[in-house]
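Down below is the structure, laid out as C-alpha cells.
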Amino acid sequence: MNNTKDNIRHIAIIMDGNGRWAKKRGLPRSMGHRKGAEVVKEICQAAGDAGVKYLTLYAFSTENWKRPQEEVDSLMDLLRQYLKSDLKELKEKGVCIRFIGEREMLPPDIIKNMEKLEAETANNDKMTLCIALSYGSRQEIVHAAKKVAELVKRGDIRIEDIDEKIFSDMLYTHDIPDPDILIRTSGEQRISNYLLWQLAYSEFFFVEAYWPDFTKEMLNDVIEKYKTRERRYGKL
Ligand code: IPE
Ligand code: IPE
Ligand code: MG
Numbered sequence: 008m009n010n011t012k013d014n015i016r017h018i019a020i021i022m023d024g025n026g027r028w029a030k031k032r033g034l035p036r037s038m039g040h041r042k043g044a045e046v047v048k049e050i051c052q053a054a055g056d057a058g059v060k061y062l063t064l065y066a067f068s069t070e071n072w073k074r075p076q077e078e079v080d081s082l083m084d085l086l087r088q089y090l091k092s093d094l095k096e097l098k099e100k101g102v103c104i105r106f107i108g109e110r111e112m113l114p115p116d117i118i119k120n121m122e123k124l125e126a127e128t129a130n131n132d133k134m135t136l137c138i139a140l141s142y143g144s145r146q147e148i149v150h151a152a153k154k155v156a157e158l159v160k161r162g163d164i165r166i167e168d169i170d171e172k173i174f175s176d177m178l179y180t181h182d183i184p185d186p187d188i189l190i191r192t193s194g195e196q197r198i199s200n201y202l203l204w205q206l207a208y209s210e211f212f213f214v215e216a217y218w219p220d221f222t223k224e225m226l227n228d229v230i231e232k233y234k235t236r237e238r239r240y241g242k243l
C-alpha cells in the first residue's frame, strides 16, 4: 500500500460547534446551523482545489434525533432549503453528491430530493461530496452485519468466505476509499460514532475553531500538517 502523503484522496470532517458559535453571539442555535451550512460550499470548493476526490461531512448523527424537537425541525428545514440551493449549485459545478446514513428516518420529501440529487449527479466526476445524515457508525456496522448474514443464509457465500473486503462492501461507503484525514472542529476530541470502521488508519486533526468560523486557510493548514506525518500502518 503506497498511499503517499501528497496524494490525499479523502477528507472526513465532523462539523461541530454551530450551537456554541451562536451562543457566543447571543443568537439562537439555529443561526449557528445556518451559518455552518454556508461554510460547506467554500470548504467543498477548497478541497476540490487541493485535489481531494472525496469529502465526507458529518451533518446529522443518529444520536442527534434525541435533540429537542424544535432543533431537529429547524435542522430539517435548513436541509430542505439546502437541497434546493447550495447543493444544486455544487451539482452544476460537477460535484457528485451522495448521502450516507439511515435515510428512512428522514422526512419523505427530503428523501425524495436527496435521491433526485444523487441520481442527477451520479455521473459528475470532479469530486464526491458525501453527506452523513442520520448517520451512526454502529448502526452502519450492524446493518452491514445483517446484510452479510443474509448472503450466508441465501447460500451465496460461506461463513469462511467472510473477510474485511466482503464486510466493507456492505457499508454505506463501499465504493469510497477510507479517509486519509479526519478533522473535527470546535476543540472536542472524540469520534461521536463517525466512520468507526473507515477511520482505522486515518490521521486525526482537532481544530479549535467552531465550524461556522472554519476557513479554507484552516483546511489548507491541516493538509500541510498532514504532509509532515508518517503513516506507518503498523509496519516499520
Ligand atoms: C454541529 O454543531 C452540528 C450538528 C450536530 C447538527 P452542534 O449543534 O453540535 O454545536 P455545539 O456542539 O452544540 O456547539
Ligand atoms: C457530532 O457532533 C455530530 C455532528 C457533527 C453532526 P455532536 O455535537 O452531536 O457530538 P457530541 O454530542 O458532542 O459527541
Ligand atoms: Mg456538537
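Here our numbering is used: the sequence shown runs in plain steps of one and ends on residue 243.
Beta carbons are placed, not taken as given, at the ideal position from N, Cα and C, and that holds for glycine.
In this text the structure is predicted, and so the values were computed from the model without any measurement.
Mind checking whether residue i and residue j have CB atoms under 9 Å apart?
i: V214; j: S199; result: no
i: D185; j: L206; result: yes
i: L210; j: R239; result: For the sequence presented, residue 210 should be read as Glu rather than Leu. No. Outside cutoff.
i: A156; j: L178; result: no
i: G33; j: P219; result: no
i: L85; j: L113; result: no
i: Y65; j: H17; result: no
Do you know how far the Cα of residue j is from the Cα of residue i?
i: N1; j: P75; result: Lying outside 8 to 243, the shown extent of the chain, residue 1 is not represented and no answer is given.
i: L136; j: I173; result: 24 Å
i: Y142; j: T69; result: 5 Å
i: M22; j: E231; result: 20 Å
i: E49; j: K223; result: 7 Å
i: S37; j: T63; result: 22 Å
i: K123; j: P35; result: 32 Å
i: K42; j: I166; result: 48 Å
i: M121; j: L243; result: 44 Å
i: Y234; j: K30; result: One point to set straight first is that residue 234 is Lys, not Tyr, in the sequence displayed. Each residue's Cα considered, the two are about 35 Å apart.
i: A54; j: D132; result: 14 Å
i: T128; j: G101; result: 8 Å
i: L94; j: F106; result: 12 Å
i: Q52; j: R161; result: 44 Å
i: S144; j: E99; result: 30 Å
i: Q146; j: N14; result: 31 Å
i: D163; j: K153; result: 14 Å
Once DSSP output is grouped into helix, strand and coil, what is the label at residue i?
i: R36; result: helix
i: I166; result: helix
i: F174; result: helix
i: R238; result: coil
i: T135; result: strand
i: S68; result: strand
i: E231; result: helix
i: L140; result: strand
i: I18; result: strand
i: E210; result: strand
Can you list, in chain order, the residues of its chain with a C-beta nearer than 7 Å to that of residue i? Leave out the 5 residues immediately preceding and following it.
i: L82; result: H40, F67
i: A216; result: T192, M225
i: G26; result: R36, G39
For residue i, which residues from the same chain have a beta carbon less than 6 Å from its beta carbon, with the 5 sequence-adjacent residues on both sides left out?
i: F212; result: I190, V229
i: I118; result: R110
i: N130; result: none
i: L90; result: N120
Within 9 Å of any Cβ in chain B, is that where the Cβ of residue i sits?
i: L203; result: Going by chain labels, chain B is absent from the structure shown, which holds only one protein chain.
Worksheet entry | Any heavy atom of ligand 1 nearer than 5 Å to the CB - residues listed | D23, G24, N25, G26, R27
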